[in-house]
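Asker: Under the numbering used here, the first residue of the sequence shown is numbered 1, with each subsequent residue one higher. Following this message is one structure expressed as structure tokens.
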Amino acid sequence: MKINYKKAAKLITLLVSSILIATVSAQSYRFLYIKGSVSISQTGLKWVKGDEGGSYVTITISGSTVQPSISVSNGTTSVFNHTLYIQNLDASPHDIVINITTAANSTYYESNGFNLTIYNNSTGALIDSLNVLTTDSYSGTIGASAVWHVSFEIATKTDSTGGSDNFDVQFRYE
């Protein structure tokens with residue numbers, strides 16, 4: 001068999017050129033980039049623990065959830081002011097809806113004997129008083145940078161025999 005070196009050289013040159021072109025074409029990339037930043041600030045409403053209530057009220061705050069643990073005696077009326085605040089961190093008002101989602105057990109309390117009363121902290125004006133023995137609700141607006149304080153007013157029956165009770169309240173805002 002006779003090899004034509006001239007044709008073989010052309011074929012090898014053509015093959016090497018094709019491989020180089022394919023390699024260069026396959027590795028031709030163009031790039032787009034994002035170089036951003038995120039600033040995080042606390043906005044909206046937040047719970048703030050007050051300083052009143054002594055050993056009768058323990059307030060635990062975890063993010064958007066507050067857990068008040070209140071200790072009262074039977075046959076007494078107890079009012080706990082300034083144990084809990086809700087603060088608007090924004091320079092704009094928020095529409096707010098407050099719902100008693102799980103009512104307290106009325107067998108422990110006098111008629112209308114468990115109220116969650118909310119006041120404007122700077123003016124002392126009454127915002128609303130919610131009966132925790134029902135699925136009561138409130139709808140209104142918390143002003144820009146406003147602070148409200150929450151008061152727990154509890155009147156237990158004389159014949160209440162010890163035990164514990166639970167209630168749930170939802171604060172929804174826009």
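Glycine is no exception: its CB is placed at the ideal position from the N, C-alpha and C atoms. All values derive from a computational prediction rather than experimental measurement.
#1: Where does Ala-155 fall in DSSP's three states?
#2: According to DSSP, is Gly-140 part of a helix, a strand, or is it coil?
#3: Just mark Ser-111 as buried or exposed, buried being the case when its beta carbon has 16 or more other beta carbons within 10 Å.
#4: Excluding the 5 residues preceding and the 5 following Gly-140 in the sequence, name in chain order all residues of the same chain whose CB lies nearer than 8 Å to its CB.
#5: For the candidate residues Leu-15, Gly-143, Ala-104 and Tyr-138, whose alpha-carbon lies nearest to that of Ala-155?
#6: Between Glu-174, Asp-168 and Ser-160, which lies nearest to Thr-76 when the distance is taken from Cα to Cα?
#7: To the nearest angstrom, how far is the alpha carbon of Asn-99 from that of Leu-32?
#8: What did DSSP end up calling Thr-102 once you bin it into helix, strand or coil?
#9: Could you check which residue in Thr-60, Ile-86, Ser-122 and Phe-80 has the C-alpha nearest to that of Arg-172?
#10: Going by beta carbon distance, what residues of the same chain come within less than 6 Å of Thr-79, once the five residues before and after it are set aside?
#11: What's the gap between the Cα of Ser-41 and the Cα of Phe-167?
#12: Can you name the residues that DSSP bridges to Leu-126?
#13: Could you spell out the range, first to last residue, of the beta strand (DSSP E) harbouring Gln-87?
#14: Quick one: which unbroken beta strand (DSSP E) runs of 3-plus residues sit fully inside the stretch 6–78? Chain order, please.
#15: Whose C-alpha, out of Trp-148, Thr-135, Ser-73 and Glu-174, is nearest the C-alpha of Tyr-108?
#16: Does the beta-carbon of Thr-101 have 16 or more other beta-carbons within 10 angstroms, so that it is buried, or is it exposed?
#17: Need the endpoints of the beta strand (DSSP E) that Asp-168 sits in, please.
#18: Determine the direct distance from the alpha carbon of Leu-116 to that of Gly-44, and round the result to whole angstroms.
Answerer: Based on what the coordinates show:
#1: As a working mapping, residue 155 is identified with position 155 in the sequence shown. Looking at Ala-155 - three-state DSSP - the assignment turns out to be strand.
#2: As a working note, residue 140 is residue 140 in the sequence shown. Here Gly-140 sits in strand by DSSP.
#3: What you label residue 111 is simply residue 111 of the sequence shown in a count that begins at 1. Result: exposed.
#4: By 1-based counting over the sequence shown, the position of residue 140 is 140. Around Gly-140: Asp-95, Ile-96, Ile-127 and Asp-128.
#5: The residue given as residue 155 occupies position 155 in the sequence shown. Minimum Cα distance to Ala-155 is reached at Ala-104.
#6: Against the sequence shown, residue 76 aligns to sequence position 76. The candidate whose alpha carbon is nearest that of Thr-76 is Ser-160.
#7: Position 99 of the sequence shown, counting from 1, holds the residue named residue 99. Position 32 of the sequence shown, counting from 1, holds the residue named residue 32. Between the C-alpha atoms of Asn-99 and Leu-32 there is a straight-line separation of about 49 Å.
#8: Translated into positions along the sequence shown, residue 102 becomes position 102. Looking at Thr-102 - three-state DSSP - the assignment turns out to be strand.
#9: Here the question's residue 172 lines up with position 172 in the sequence shown. Comparing Cα positions, the closest option is Ile-86.
#10: Mapped onto the sequence shown, residue 79 falls at position 79. Here residue 79 turns out to be Val, not Thr, going by the sequence shown. Closer than 6 Å at the Cβ level, and outside the excluded window around Val-79, lie Glu-153.
#11: On the sequence shown, position 41 is the one that residue 41 refers to. On the sequence shown, position 167 is the one that residue 167 refers to. Straight across, the Cα-Cα distance linking Ser-41 with Phe-167 is about 32 Å.
#12: Your numbering for residue 126 matches position 126 in the sequence shown. Per DSSP, Tyr-119.
#13: Translated into positions along the sequence shown, residue 87 becomes position 87. Note, Gln-87: beta strand (DSSP E), 77–88.
#14: Runs of the beta strand (DSSP E) lying entirely within the stretch 6–78 and spanning at least 3 residues, in chain order: 45–49, 57–62 and 65–70.
#15: In the sequence shown, residue 108 corresponds to position 108, counting from 1. When each option's Cα is compared against that of Tyr-108, the closest is Ser-73.
#16: Residue mapping note: residue 101 aligns to position 101 of the sequence shown, counting from 1. Counting Cβ neighbours within 10 Å, Thr-101 comes out exposed, since fewer than 16 surround it.
#17: Sequence index remark: in the sequence shown, residue 168 carries index 168 (1-based). Run containing Asp-168: 168–173, per the beta strand (DSSP E) assignment.
#18: Walking along the sequence shown from the start, residue 44 turns up at place 44. Walking along the sequence shown from the start, residue 116 turns up at place 116. Computed Cα separation, rounded: 22 Å.
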